[in-house]
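Asks: Structure incoming, see below.
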Amino acid sequence: MATKPILSGAEIILECLLLEGVDLVFGYPGGTILPTYDALSKYPQLHHVLVRHEQGACHMADGYARATGKVGVAIATSGPGATNLVTGIATAMLDSTPLVCITGQVPRGVIGSDAFQEIDVTGITLPITKHNYLVTDVSELAYTIKEAFFIARTGRPGPVLIDVPKDVQNQKIEFEYPEGEIRLPGYRPPTLAPADDVAAAVELINKAQRPIILAGHGVMMSGAVAELRELAERAGIPVALTLLGTGALPEEHPLVLGMMGMHGTAASNHAIQQADVLIALGMRFDDRVTGNIKTYSPDSKKIHIDIDPSEINKNIRVDIGIAGDLRTVLTQILPGVQPTQHGAWLNQIRDWQEDSDERDIIKRDTGNTLFGAQVINDLWKFTEGAAVTVTDVGQHQMLSAQYYPHQRPATMITSGGLGTMGFGLPGAIGAKLGKPEEEVWSISGDGGFQMTLCELATAVQENAAVKIAIINNGFLGMVRQWQELFHGRRYNETVMFSPDFCKLAEAYGIPARRVTSRAEIEEAVTWARSIEGPTLLEFVVEKEEMVYPMVPAGADLHAMIRRPKPDEEEAK
Amino acid sequence: MVYAQQTMEIQPRKKHILAALVENKPGVLNRVASLFRRRNFNVDSLTVGRTHRPHMSRMTIAVDATRGDANRIRQNLYKLINVIDVAVVSNEPHVSRDLALIKVRSDDADSRNQLTELCERYPARIVDIGPKVAIVEITAQEDIVESLIAALEPIGILEMVRTGVVAMGRGIRILDSDYEPVMPGAANGNAVSIV
């Protein structure tokens with residue numbers, strides 16, 4: 000029997016990361032995590048990305064995880080290092096991203112004494128992690144890390160935090176990586192659906208006259224993309240997507256109606272309201288998706304399939320609720336589904352789509368005024384629709400969902416649930432480092448970009464060739480839109496000064512250009528793509544652009560505020 | 000286009016009792032309490048104690064909720080990694096008990112006579128008595144405890160403490176205890192207090 004190596008806690012952390020298949024971590028050193036950073040030089044296979052703020056580490060790990068499907072890893076020190084992770088952890092929690100965050104903690108002997116840079120990070124992150132740990136002895140460390148990765152990536156994925164006191168990192172022990180499967184008594188994610196639920200779902204689907212599929216993030220998480228397509232195509236069912244469900248089916252697919260909800264397409268929202276059978280797959284009826292739940296899809300029988308049992312009947316009462324792995328459950332359902340066509344229903348949907356086409360700003364001549372929608376749509380055109388877009392939060396985010404039709408899973412990376420401004424740039428860096436072969440565009444507004452722009456330095460240091468587009472309207476655009484609609488155009492604190500973004504980029508050594516008219520977009524995008532490292536394009540756009548359609552918060556889903564048709568606008 | 004209002008079935012709120020078998024690890028009570036706070040569920044009472052297995056504790060949680068909410072609470076509790084099994088005990092035939100210690104005035108013959116009489120009518124007894132006060136103990140179903148408290152009120156209650164409800168399903172149905180700890184160090188039999 001080979002002798003087991005004696006390793007320090009710090010070495011065990013890094014050894015376990017390698018054994019979990021990690022080759023890239025994002026972090027920031029500090030006092031209590033120093034032993035782990037000291038051990039880094041012994042593990043050259045593990046590449047560490049030095050961020051400029053711990054929030055960036057979390058968002059990068061998040062973008063990395065969403066782009067690659069692997070678990071993202073962020074490392075920070077105790078105290079402020081750990082609290083800086085909080086927004087990033089919450090972002091990952093709300094969007095079910097698998098993350099493992101490792102934080103240093105003050106030595107065990109002084110825990111609870113308000114020592115320098117001591118904070119109860121397991122207490123702070125308790126409600127925003129799937130699970131967390133304070134490791135109190137080095138003998139528990141290897142098992143804890145293995146368990147953390149298991150919990151992060153299985154079931155409904157999510158962030159897991161491991162807090163490791165400095166003296167535990169220095170403790171030495173015979174290292175043995177726990178063999179075999181993790182057994183957790185209280186953790187058994189559901190898989191199969193009960194046969195009678197499957198039969199009932201099949202019957203509803205086969206009898207439907209006006210069915211609609213609502214496809215969410217879970218479709219991609221469970222790897223059910225092919226099963227979704229099979230169900231939709233065989234039974235002729237149109238598919239509406241959630242924001243995070245973007246890419247579950249190509250948006251050019253004739254059955255895809257685009258996004259649903261607050262800024263969803265009119266076709267999606269009307270179809271949901273008039274459907275007789277609603278098939279919700281791997282989504283959670285967020286309030287941004289449902290509008291007023293009392294009037295939501297009132298005439299439909301509802302089937303809801305999700306891995307998380309606590310999501311069933313949480314917001315919307317359903318007729319058939321199945322807690323299970325979506326791919327497995329769809330595989331159970333598919334054999335019973337009969338080939339069907341819903342000609343009249345699809346014709347009705349076409350009418351809604353044609354009405355929307357008439358209102359679309361893309362087809363209008365807007366003279367010298369550049370609109371964000373046009374920028375995003377031209378970006379789509381000149382990147383051949385093939386880029387991974389990582390957005391911030393606000394108008395440009397909704398425009399990216401509407402005007403950059405995504406064709407593949409994991410190409411629209413965005414903070415959906417938490418709506419974290421500042422996610423875009425670090426998220427894009429993480430995505431690019433995880434998928435260097437992809438063209439990655441970070442799309443931000445002038446507001447969100449300024450929240451995490453310090454990560455420009457990280458992009459340069461890592462030579463992460465992200466293409467950065469700033470849609471600059473001089474406002475916090477989405478808040479301004481709400482002020483215009485609901486607060487009598489009182490633009491309190493939404494007008495925003497910004498630095499000269501091009502000069503700023505140049506200060507970091509990043510080539511940059513400013514675009515002010517539509518005619519310049521093609522040349523600028525082509526130029527940005529021709530440069531090897533990171534580049535930045537600032538698009539100066541209309542200040543008071545509106546994102547349409549819009550369902551006001553809490554309003555009925557069909558009560559959309561629409562962009563007027565051209566003749567209606569003239570009549571005004 | 001006019002859409003019908005969805006008719007939401009209104010469920011009555013009533014008392015529900017949940018039992019949760021949890022791993023005996025630091026912070027578990029905190030996780031459960033945090034869950035109730037952030038999901039906006041109201042706890043009537045929460046009790047926790049060891050079981051016959053040192054690595055497991057059992058909680059009984061009484062909530063004022065609709066049946067749907069009670070079910071949501073069960074699912075959310077089960078999502079906690081350290082919760083091994085959970086059931087809404089009050090949905091099935093069950094036994095529940097609440098224990099109260101009630102300190103009452105006993106400084107005259109009348110009050111003493113009343114106390115003795117009440118202890119005969121209720122499953123209660125006097126566990127401490129002095130010239131001025133007595134302590135009455137009762138272990139019973141919660142409504143019976145409430146009834147005794149109401150009966151003692153006129154005599155003069157000075158202080159009171161209750162354990163909160165503990166409950167167990169009748170018959171052979173039990174919470175899943177088919178679990179042995181796997182984490183090194185956790186199986187040494189020295190149960191760590193989870194509080």
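First to last, the protein sequences are chains A and P.
Here numbering that gives the first Met the number 0 is used: position 19 in the first sequence is 18, and no number is missing along the way.
Here numbering that gives the first Met the number 0 is used: position 177 in the second sequence is 176, and no number is missing along the way.
Glycine is no exception: its CB is placed at the ideal position from the N, C-alpha and C atoms.
Quick caveat, the model's predicted, so the values are computed rather than measured.
1. For valine 42 of chain P and chain A, any beta-carbon pair shorter than 8 Å?
2. Between phenylalanine 370 of chain A and the rest of its own chain, which residues show a CB-CB distance below 7 Å, the 5 nearest in sequence each way excluded?
3. For glycine 323 of chain A, go through chain P and note every residue whose CB falls closer than 8 Å to its CB, in chain order.
4. Would you report the Cα separation of threonine 294 of chain A and serine 441 of chain A, rounded to the nearest angstrom?
5. Got a sec: which bits of the region 46 to 80 of chain P sit with their beta carbon under 8 Å from any beta carbon on chain A, in order along the chain?
6. For glycine 217 of chain A versus isoleucine 332 of chain A, is the C-beta distance shorter than 8 Å?
7. Leaving out the 5 sequence neighbours to the left and right, which residues in its chain are closer than 7 Å to tyrosine 77 of chain P when beta-carbon positions are compared?
8. For a contact meaning CB atoms closer than 9 Å, what does glycine 553 of chain A contact in chain P?
9. Helix, strand or coil: which one does DSSP assign to threonine 67 of chain A?
10. Could you please tell me which residues of the region 150 to 169 of chain A, in chain order, have their CB closer than 8 Å to any CB of chain P?
11. Using C-beta distances below 7 Å, list every residue in its chain close to leucine 256 of chain A, excluding the 5 sequence neighbours before and after it, in chain order.
12. Express the C-alpha separation of glycine 335 of chain A and alanine 198 of chain A in angstroms, rounding to a whole number.
13. Where does phenylalanine 485 of chain A land, buried or exposed, given buried means 16+ other C-beta within 10 angstroms?
14. Closer than 8 Å, CB to CB, is valine 88 of chain P near chain A or not?
15. If leucine 536 of chain A and alanine 523 of chain A are in contact, beta carbons under 8 Å, what's the gap, nearest whole angstrom?
16. Closer than 7 Å, Cβ to Cβ, to anything on chain P: give me those residues from the region 177 to 192 of chain A, in chain order.
17. Which one or two residues does DSSP pair with alanine 56 of chain A in a beta bridge?
18. Please tell me whether arginine 37 of chain P has its Cβ less than 8 Å away from any Cβ of chain A.
19. Is the Cβ of serine 221 of chain A closer than 8 Å to any Cβ of chain P?
20. Check each candidate in A/Met549, A/Lys466, A/Ile212 and A/Met495 and name the one with the smallest Cα separation from arginine 528 of chain A.
21. Can isoleucine 412 of chain A and leucine 398 of chain A be called in contact, C-beta distance under 8 Å?
22. Is it true that the region 13 to 21 of chain A meets the region 128 to 144 of chain A, where meeting means three or more beta-carbon pairs spaced less than 8 Å apart?
23. In this structure, how does DSSP classify proline 79 of chain A when only helix, strand and coil are distinguished?
24. Under 7 Å Cβ-Cβ, which residues of chain P neighbour histidine 130 of chain A?
25. Between the Cα of glycine 421 of chain A and the Cα atoms of A/Leu277, A/Glu454, A/Met219 and A/Leu133, which residue gives the shortest distance?
26. Please confirm whether glutamine 104 of chain A and serine 77 of chain A have their CB atoms less than 8 Å apart.
27. May I ask you to report which of helix, strand or coil DSSP gives glutamate 22 of chain P?
28. For alanine 73 of chain A, which beta-bridge partners are listed by DSSP?
29. Whose C-alpha, out of A/Leu556, A/Gly26 and A/Ala9, is nearest the C-alpha of isoleucine 292 of chain A?
30. Return the chain-ordered list of same chain residues with a C-beta closer than 6 Å to the C-beta of valine 317 of chain A, the five sequence neighbours on each side being excluded.
31. Is it buried or exposed for histidine 51 of chain P, if we count other Cβ within 10 angstroms and need 16 for buried?
32. Would you give the residue range spanned by the beta strand (DSSP E) that valine 387 of chain A belongs to?
33. Compute the Euclidean distance between the alpha carbons of lysine 431 of chain A and aspartate 94 of chain A, then round it to the nearest angstrom.
34. Below 8 Å CB to CB, which residues in the same chain sit around aspartate 136 of chain A once its five sequence neighbours on both sides are set aside?
35. Give me the Cα-Cα distance between glycine 476 of chain A and glutamine 394 of chain A, rounded to the nearest whole angstrom.
36. Does the beta-carbon distance from valine 99 of chain A to phenylalanine 25 of chain A come in below 8 Å?
Replies: Let me spell this out:
1. no
2. Ile360, Val540, Glu541 and Glu544
3. Here the premise fails: no neighbours, minimum Cβ distance about 14 Å.
4. 37 Å
5. Gly67, Asn70, Arg71, Gln74, Asn75, Tyr77, Lys78, Leu79 and Ile80
6. no
7. Val85
8. Neighbours of glycine 553 of chain A on chain P: none; closest Cβ ~15 Å, over 9 Å.
9. helix
10. Ile150
11. Pro237, Val238, Ala239, Thr264, Ala266, Ser267, Ala270 and Ile348
12. 8 Å
13. exposed
14. no
15. 5 Å
16. Arg182, Leu183, Pro184, Gly185 and Tyr186
17. Its beta-bridge partners do not exist; DSSP assigns none.
18. yes
19. no
20. A/Lys466
21. no
22. yes
23. helix
24. Ile80
25. A/Glu454
26. yes
27. strand
28. A/Phe25 and A/Cys100
29. A/Leu556
30. Lys301 and His303
31. exposed
32. 387 to 390
33. 19 Å
34. Val167 and Gln170
35. 6 Å
36. no
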